[in-house]
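Report on the structure given below.
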Amino acid sequence: MKSRVGLTAAVLLIAALVPLRSQPQSAPQTAIFFRIIVVESADAARRVLDQLATGENFVALAQKVSVDPSAATGGLVGPVQISDLRGELRTGLEGLRVGELSGVVRLPTGFAILKAVPAEEAGPVSVATAPAGAGIMTALSAAGGVKYVFDISGYIETVLSLRQVKGRADADENLPTLCQVRKQLFASAQGLVAKTLSAPAGVAPVDLAVTYFLKGQLHSYEGQMALAIEAFEQAMRIAVSDEPDLRPQMEEALGVAHLHKAEMENGVFHTPGARCLLFEHMNGGLANNADVAKAIEYFTHYLTEQPEDLEVRWLLNVAHMFAGSYPDRVPKAQLIPPGAFTSAEDVGRFVDVAAESGLASFGASGGVIVDDFDNDGRLDVLTSSIESCEPLRLFKRAANGLFSEQSAKTGLRDQLGGLNMLQTDYNNDGNLDILVLRGAWETPQRKSLVRNNGDGTFTDVTVASGLTKALTGTQAGVWTDIDNDGLLDLFVGNENSPAQLFRNKGDGTFEDIAGKAGVNRSAFSKGVTAADYDNDGWQDLYVSNLGGTPA
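Shown next, in the form of structure tokens:
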């Protein structure tokens, strides 16, 4: 079998947890222990192997670089039955003697290195009394299914490139610099792809196919779907002639690309209205054009060879809805019956009035706040974008109910990026301030604390407040008064770095007391909230972690 390492930068892993039928065991199994380091790319995994081979301590390295929830304990997993592990892990551990390392193991959460360890490394844990599956995370469990699918956006390639840049501290701290670095990386990737394709002699077919696919991804990132499809078709031709195992993925990718092109040319992305709703899909949400027909063609052929693929089955039905040919022309074996979408309850419908209200805004994933920023009794709208070059946008509502963008006047256009935002009056002056959280899913970046001056303008006080001392990747935070002093404090759950608890000192500055408070746990935190759940008069914290237990 040919290596697929080259594909890793151009695919998105989607892990769908599907319960599997338990199988009876013929004999009791011995619980095992192992350590694991999980990183986000094959190249990073190979670097980890090189470091371990030269004597680096596994425990210290796991705590430093692993994205697995076990990182805090040096990657220790167990006691666990071998049969409870994912197949990839069982294969990776097979034949390993205590102290030996595996090769690179592909997992739903990334790329793993395993090390077999003796039970003694677990300390006081009792193997005899530990419950089945103890110490095993969902992402490592056998009770799951995984499918590799192409992400037709080019976003992943940009993020992976961003993570590889060395000496990036200034870029992470300075928002305009980070924007420029991202642009330069994108241009560099385009140049590298063009150079490779200009001299393809000697390049293995699988690598050539991946390079064409990467070219398509970069075009897709810029919204140039016609050029993206041309590159994907080049990759498909190579798959058909030399790499048949790649053909199904390329067919799905081309089907999705054509569907996206049709949506873009019909204005669904920029001016969706009701056309992004399932009900409208069923009634021919798009004009029946050539791209919708091509999408149907690719999905249909894919399903003739892999009829049990539920994802592509769904896409085929959606494409027919867009074309106005649902349900009559959907093959019976792949039809999702109309009855699956009906309901006995009529809950009414919301009507999209954003455009006529003045809220015409288009962007990538980001945060949104609906609140009164100018104390006029009317709700305003603030939006952000994960894109490092996109500014915050503040839409103020007038007395007539219409919104107008006021970002330039307020000074908020200097705030770039941000997957999430939190509003609060951190200094008790009666005006809502803004906290922008950045770096989630990407790379550690600075937060921004933006003070509302009460006169229609905002000032970035992040440095003065002390919130820039540690760069992190996060989208999860909560304002709460942890010490009942009447000042709002800030808890931030980070991705693969210790959580932060900033105590409000009342003079416009904060100090991180997470270590003293015992809440500086490292995890892949994706949600946090605060409440006095036990009615003792003190605010408690709840943290939701991806792939791990909540805290």
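For the sequence shown, position 546 matches number 810 in our numbering, and the numbering has no gaps at all.
Positions of the beta carbon are idealized from the N, C-alpha and C atoms, including for glycine.
The structure displayed is predicted, hence computed values, not measured ones.
field: When 691, 714, 727 and 782 are compared against residue 753, the one with the closest alpha-carbon
entry: Along the sequence shown, read from residue 1 onward, the residue named residue 753 stands at position 489. Nearest in C-alpha terms to residue 753, of all of 691, 714, 727 and 782, is 691.
- request: Could you give the DSSP three-state label for residue 538: helix, strand or coil?
  value: Here the question's residue 538 lines up with position 274 in the sequence shown. Assigned with DSSP and collapsed to three states, residue 538 falls in coil, not helix or strand.
Residue 391 in three-state terms, based on DSSP: Here residue 391 refers to the residue found at position 127 when the sequence shown is read from its first residue. At residue 391, the pLDDT of 32 sits below 50, so the modelled position is not reliable and the matter cannot be decided from this model.
message: Starting from residue 207, trace the beta strand (DSSP E) in both directions and tell me its first and last residue.
response: The requested residue 207 does not occur in the structure, where the chain is confined to residues 265 to 815.
message: Would the region 470-481 count as touching the region 528-546 if we require 3 or more Cβ pairs under 8 Å?
response: The answer is no - the region 528-546 does not touch the region 470-481, with fewer than three Cβ pairs under 8 Å.
- request: Please work out which residues of its chain come closer than 6 Å, Cβ to Cβ, to residue 289, disregarding the five sequence neighbours upstream and downstream, and give them in chain order.
  value: Translated into positions along the sequence shown, residue 289 becomes position 25. Legend: pLDDT at residue 289 = 37, less than 50; position of this residue unreliable, value from coordinates given subsequently. Answer for residue 289: no residue qualifies.
message: Could you compute how far the alpha carbon of residue 445 sits from the alpha carbon of residue 775?
response: Along the sequence shown, one-based indexing puts residue 445 at 181. Along the sequence shown, one-based indexing puts residue 775 at 511. Distance between the alpha carbons of residue 445 and residue 775 is about 30 Å.
task: Check the C-beta distance from residue 714 over to residue 723 and give it rounded, since I have them as a contact under 8 Å.
output: Position 450 of the sequence shown holds residue 714. Position 459 of the sequence shown holds residue 723. Confirmed, Cβ separation roughly 7 Å.
message: Could you tell me the alpha carbon to alpha carbon distance between residue 749 and residue 763, rounded to whole angstroms?
response: Reading the sequence shown from its first residue, position 485 is the one you call residue 749. Reading the sequence shown from its first residue, position 499 is the one you call residue 763. A straight-line Cα-Cα distance of about 22 Å links residue 749 and residue 763.
- request: Please list, in chain order, all residues of the same chain as residue 626 whose beta carbon is under 6 Å from its beta carbon, the five residues on each side excluded.
  value: Start at 1 with the first residue of the sequence shown, and residue 626 comes out as number 362. Closer than 6 Å at Cβ, skipping near neighbours: 534.
task: Figure out for me which residue from 630, 543, 306 and 519 has the closest Cα to the Cα of residue 838.
output: Given that the chain is displayed from residue 265 to residue 815, the structure contains no residue 838 and the question cannot be resolved.
query: Using CA coordinates, which residue listed in 366, 318, 597 and 646 is at the minimum distance from residue 622?
result: Within the sequence shown, the letter at position 358 stands for residue 622. Closest option to residue 622, Cα to Cα, is 646.
query: beta strand (DSSP E) containing residue 686: first to last residue?
result: The residue you call residue 686 lines up with position 422 of the sequence shown. 684-688 is the extent of the beta strand (DSSP E) around residue 686.
task: Would you identify the three-state DSSP class for residue 508, choosing helix, strand or coil?
output: In the sequence shown, residue 508 corresponds to position 244, counting from 1. Looking at residue 508 - three-state DSSP - the assignment turns out to be helix.
- prompt: Between residue 376 and residue 360, is the Cβ-Cβ spacing less than 8 Å?
  reply: Locating residue 376 in the sequence shown gives position 112, where the first residue counts as 1. Locating residue 360 in the sequence shown gives position 96, where the first residue counts as 1. Going by C-beta atoms, residue 376 is not nearer than 8 Å to residue 360.
query: Are the Cβ atoms of residue 816 and residue 299 separated by less than 8 Å?
result: Summary: the structure shown does not reach residue 816, with the chain confined to residues 265 through 815, and so no result is reported for it.
- request: Kindly list the residues whose CB is nearer than 7 Å to the CB of residue 810, restricted to its own chain and excluding five residues on each side of it in sequence; keep chain order.
  value: Here residue 810 refers to the residue found at position 546 when the sequence shown is read from its first residue. Here the set comprises 788 and 790.
Residue 808 - partner residues in DSSP beta bridges: In the sequence shown, the residue the question calls residue 808 occupies position 544. When DSSP reads this structure, residue 808 sits in a beta bridge with 791.
- prompt: Using DSSP with H/G/I as helix, E/B as strand and the rest coil, what is residue 568?
  reply: In the sequence shown, the residue the question calls residue 568 occupies position 304. Residue 568 falls in the helix class under three-state DSSP.
query: Expressed to the nearest angstrom, what Euclidean distance is found between the alpha-carbon atoms of residue 797 and residue 597?
result: Taking the sequence shown and counting its residues from 1, one reaches residue 797 at position 533. Taking the sequence shown and counting its residues from 1, one reaches residue 597 at position 333. Using only the alpha carbons, I get a separation of about 50 Å.
- prompt: Can you tell me the Cα-Cα spacing of residue 366 and residue 350, whole angstroms?
  reply: Numbered from 1 along the sequence shown, position 102 holds the residue referred to as residue 366. Numbered from 1 along the sequence shown, position 86 holds the residue referred to as residue 350. In this structure, the alpha-carbon of residue 366 lies about 15 Å from that of residue 350.
message: Counting C-beta neighbours from all protein chains within 10 Å, is the total for residue 396 16 or more, i.e. buried, or is it exposed?
response: On the sequence shown, position 132 is the one that residue 396 refers to. In this predicted model, residue 396 has a pLDDT of only 35, less than 50, meaning its place in the structure is not dependable enough to derive any value.
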